[in-house]
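Participant: Residue numbers (my numbering), protein chains in the order written: chain S, 5 to 265; chain V, 38 to 304. Sharing a structure with you now.
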């Protein structure tokens, strides 16, 4: 027990050390004058920028704008991908019907679809949700299908010999057994959703973190670019943390490789 | 108490069962014309060399696989597909890892729509029967192999199946735990009168537990012989050294030795 606590503490310390090293290097390069302020702002100026954005309210407004776009686009993708992926995993016919088009669409770069979405949907919010949807949906369907098909066949057999019908097998066995894997799929795809959000906001938006970054480039406001990047990173870390927490709540029975017993 | 009556009613019978796999270009015959019967409350063993199709046979009886020809009759009615009337216990336990011991045991009852109070009563009874009192709220990952298999047995028995099908249930356990589990099962069979069909490649296990033993041939699997076991007294680890035990064991060893000898000559 002592030993385990100690190794946990060391792991935590290592994670922080990595952050401090990068920040330290940043400090050296900017305060030390190795790199011009135009290209690499000092940590102080970035923090000041974030503080002033927080004061005039634009920080929260833009963070919220971006987060809600990510959430709405991604939730749509989950709503469609989850049942479709489960169906694909359990029906060869459904799989044969949709698999080729999904595999095809999966390789289309979302950026290349932006002109079409602008043409069809204009520049309003729907266009942004669509970009995020397109960016995550095709991957998520296949991930869900894969997660669901890898459920231990033996427990499905056990359930049917205990009298569970097809629907009960889905609801009482396949779904709960897939939950930990599904949570991982969700956690990964919401990360990608953030990437596509920035794509969407850089092209046609009048607010959001991606828009701020693009606008700052025009004015050489590298401090604002850094502020935007740091905010996206922090929101990403927070999302990841929340998903891990949620996984532990919905599937506390899950054994993980990193678990110390 | 189970009465040792030879004119008992036939519970389960397998008629001319053949299973051929035709997934590849060369069809593989796993089972050929298997016939067997299990009477009510009888404890029947199937013993055979590995790869003789024992698991295929029990999977077909349990409805997890289908026969190419022939049929499985339960109380005289042909059955196909899995059902709660034929409970199965697998070598790999196959517990639901997200459910506690109690919830695992209640699973089949829940599927049937049995009320919560009745489920609790029934599950408690079978948890006690397999000696897991005190572990009701544990998760499977917290249990040892032997305890997991106790849960699996309780889970199947709680469903009150017409026949209990067991596919090498103790194969993954260490030798000591295996003997303990064998005694537990002999005791359960005596106390509940459950009809049991049990598959194993372990001759000691077959002779220790069975009222009758079917000996299978190598692939394509077919019934080679059937023996009645007459060991006096309750079955326990003490039975392992009785002359009747050793006699039966010797007979089966000879049959299986001949099987593998024939196989060697064929090559």
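Cβ atoms here follow ideal geometry from the backbone N, Cα and C, with glycine treated the same way.
Using C-beta distances below 7 angstroms, list every residue in its chain close to residue 120 of chain V, excluding the 5 sequence neighbours before and after it, in chain order.
Facilitator: For the purposes of this step, residue 120 of chain V is taken as the residue at position 83 of the second chain. So the list reads 100, once near-sequence residues are dropped.
Participant: Determine, using beta carbons only, whether residue 194 of chain S and residue 177 of chain S come nearer to each other than 9 angstroms.
Facilitator: For this step, residue 194 of chain S is matched to residue 190 along the first chain. For this step, residue 177 of chain S is matched to residue 173 along the first chain. No.
Participant: What does a CB cutoff of less than 8 angstroms around residue 206 of chain S pick up in its chain, not counting 5 residues either side in sequence?
Facilitator: For the purposes of this step, residue 206 of chain S is identified with residue 202 of the first chain, where counting begins at 1. Excluding sequence neighbours, residue 206 of chain S sits near 214, 215, 217, 218.
Participant: Hey, residue 33 of chain S and residue 51 of chain S: beta-carbon distance below 9 angstroms or not?
Facilitator: The residue you call residue 33 of chain S lines up with position 29 of the first chain. The residue you call residue 51 of chain S lines up with position 47 of the first chain. No; because the gap between Cβ atoms is not below 9 angstroms, this pair is not in contact.
Participant: Would residue 95 of chain V and residue 204 of chain V qualify as a contact pair, given that the criterion is a beta-carbon distance under 9 angstroms?
Facilitator: Here residue 95 of chain V refers to the residue found at position 58 of the second chain. Here residue 204 of chain V refers to the residue found at position 167 of the second chain. Yes; because the gap between Cβ atoms is below 9 angstroms, this pair is in contact.
Participant: Check residue 74 of chain V in the structure and name its three-state DSSP category.
Facilitator: Counting from 1 along the second chain, the entry for residue 74 of chain V is found at position 37. Three-state DSSP puts residue 74 of chain V in a strand.
Participant: Among the residues of its own chain, which have a CB less than 7 angstroms from the CB of residue 287 of chain V, if the five just before and after it don't count?
Facilitator: Walking along the second chain from the start, residue 287 of chain V turns up at place 250. None.
Participant: Just the chain V side, please: which residues come within less than 7 angstroms of residue 159 of chain S by C-beta, in chain order?
Facilitator: To locate residue 159 of chain S, count along the first chain from 1; it is residue 155. Correct list: 131, 133.
Participant: What does the alpha-carbon distance come out to for the pair residue 298 of chain V and residue 292 of chain V?
Facilitator: The sequence position of residue 298 of chain V within the second chain is 261, counting from 1. The sequence position of residue 292 of chain V within the second chain is 255, counting from 1. Taking the straight line from one Cα to the other gives about 10 angstroms.
Participant: Which residues in chain S sit within 8 angstroms of residue 124 of chain V, going by Cβ to Cβ distance?
Facilitator: Stepping through the second chain from its first residue, residue 124 of chain V is reached at position 87. In chain order: 165, 166.
Participant: Can you tell me whether residue 76 of chain S is helix, strand or coil according to DSSP?
Facilitator: For the purposes of this step, residue 76 of chain S is taken as residue 72 along the first chain, with counting starting at 1. Correct three-state label for residue 76 of chain S: helix.
Participant: According to DSSP, is residue 195 of chain S helix, strand or coil?
Facilitator: Along the first chain, read from residue 1 onward, the residue named residue 195 of chain S stands at position 191. Three-state result, residue 195 of chain S: helix.
Participant: When you compare the segment 118-138 of chain V with the segment 231-251 of chain S, are there three or more beta-carbon pairs, one atom per stretch, that lie closer than 8 angstroms?
Facilitator: Segments in contact, no.
Participant: Using CA atoms only, rank isn't needed, just tell me which of S:151, S:114, S:220, S:108 is closest to residue 188 of chain S.
Facilitator: Within the first chain, the letter at position 184 stands for residue 188 of chain S. The shortest Cα separation from residue 188 of chain S among S:151, S:114, S:220, S:108 belongs to S:151.
Participant: Tell me where the beta strand (DSSP E) around residue 53 of chain V begins and ends.
Facilitator: Locating residue 53 of chain V in the second chain gives position 16, where the first residue counts as 1. It spans 47-58 - the beta strand (DSSP E) in which residue 53 of chain V sits, taken as one unbroken run.
Participant: Starting from the Cα of residue 141 of chain S, find the closest Cα among S:49, S:105, S:46, S:26 and give me that residue.
Facilitator: Indexing the first chain from 1 puts residue 141 of chain S at position 137. Ranking S:49, S:105, S:46, S:26 by Cα distance to residue 141 of chain S puts S:105 first.
Participant: Could you confirm whether any beta carbon from chain S is found closer than 9 angstroms to the beta carbon of residue 207 of chain V?
Facilitator: To locate residue 207 of chain V, count along the second chain from 1; it is residue 170. Answer no: the Cβ-Cβ gap between residue 207 of chain V and chain S never drops below 9 angstroms.
Participant: Helix, strand or coil for residue 106 of chain S per DSSP?
Facilitator: The residue you call residue 106 of chain S lines up with position 102 of the first chain. Helix.
Participant: Is the shortest distance between the beta-carbon of residue 56 of chain V and the beta-carbons of chain S less than 9 angstroms?
Facilitator: Your numbering for residue 56 of chain V matches position 19 in the second chain. No, because no Cβ of chain S sits closer than 9 angstroms to the Cβ of residue 56 of chain V.
Participant: Going straight from the alpha carbon of residue 201 of chain V to that of residue 166 of chain S, what length do you get?
Facilitator: Stepping through the second chain from its first residue, residue 201 of chain V is reached at position 164. Stepping through the first chain from its first residue, residue 166 of chain S is reached at position 162. Looking at the two C-alpha atoms, the distance is approximately 11 angstroms.
Participant: Exposed or buried, which one is residue 282 of chain V when buried takes at least 16 other CB atoms within 10 Å?
Facilitator: Taking the second chain and counting its residues from 1, one reaches residue 282 of chain V at position 245. The residue is buried, with at least 16 neighbouring Cβ atoms inside 10 Å.
Participant: To the nearest angstrom, report how far apart residue 126 of chain S and residue 116 of chain S are at their CA atoms.
Facilitator: Counting from one through the first chain, the residue named residue 126 of chain S turns up at place 122. Counting from one through the first chain, the residue named residue 116 of chain S turns up at place 112. Roughly 16 angstroms between the two C-alpha positions.
Participant: State yes or no: is the beta carbon of residue 261 of chain V nearer than 9 angstroms to at least one beta carbon in chain S?
Facilitator: As a working note, residue 261 of chain V is residue 224 in the second chain. Not closer than 9 angstroms to any Cβ of chain S, the Cβ of residue 261 of chain V fails to qualify, so no.
Participant: Thinking C-beta only, is residue 84 of chain V closer than 9 angstroms to residue 236 of chain V?
Facilitator: Here the question's residue 236 of chain V lines up with position 199 in the second chain. Here the question's residue 84 of chain V lines up with position 47 in the second chain. Going by C-beta atoms, residue 236 of chain V is nearer than 9 angstroms to residue 84 of chain V.
Participant: Closer than 8 angstroms is the cut-off here; do at least three beta carbon pairs connect the segment 108-116 of chain V with the segment 147-161 of chain V?
Facilitator: Taking 8 angstroms as the limit for Cβ pairs, the verdict is that the segment 147-161 of chain V does not touch the segment 108-116 of chain V.
Participant: Count the other CB atoms, across all protein chains shown, that sit within 10 Å of the CB of residue 15 of chain V; report buried if there are 16 or more and exposed otherwise.
Facilitator: Outside the modelled stretch of chain V, which goes from 38 to 304, sits residue 15 of chain V, for which no answer is possible.
Participant: Return yes when at least one heavy atom of the ligand GTP lies under 8 angstroms from the C-beta of residue 167 of chain V, else no.
Facilitator: In terms of ligand content, the structure shown is empty, and the ligand GTP therefore cannot be addressed.
Participant: Under 9 angstroms, do residue 168 of chain S and residue 77 of chain S count as touching if we go by C-beta distance?
Facilitator: Residue numbering aside, residue 168 of chain S sits at position 164 when the first chain is read from its first letter. Residue numbering aside, residue 77 of chain S sits at position 73 when the first chain is read from its first letter. Result no, Cβ atoms of residue 168 of chain S and residue 77 of chain S do not sit closer than 9 angstroms.
Participant: Return the residues of the segment 158-182 of chain V that lie within a Cβ-Cβ distance of less than 9 angstroms from chain S, sorted by chain order.
Facilitator: Against chain S - using a Cβ distance shorter than 9 angstroms - the residues of the segment 158-182 of chain V are 176, 177, 178.
Participant: Looking only at DSSP bridge pairs, what is residue 204 of chain V linked to?
Facilitator: As a position in the second chain, residue 204 of chain V is number 167, starting the count at 1. DSSP output for residue 204 of chain V lists V:236 as bridge partner(s).
Participant: Just to confirm the assignment, what range does the alpha helix (DSSP H) spanning residue 80 of chain V have?
Facilitator: As a working note, residue 80 of chain V is residue 43 in the second chain. From DSSP, residue 80 of chain V is part of no alpha helix (DSSP H) but of the beta strand (DSSP E) over 80-84.
Participant: Would you check if the distance between the CB atom of residue 260 of chain V and the CB atom of residue 126 of chain V is smaller than 9 angstroms?
Facilitator: To locate residue 260 of chain V, count along the second chain from 1; it is residue 223. To locate residue 126 of chain V, count along the second chain from 1; it is residue 89. No; because the gap between Cβ atoms is not below 9 angstroms, this pair is not in contact.
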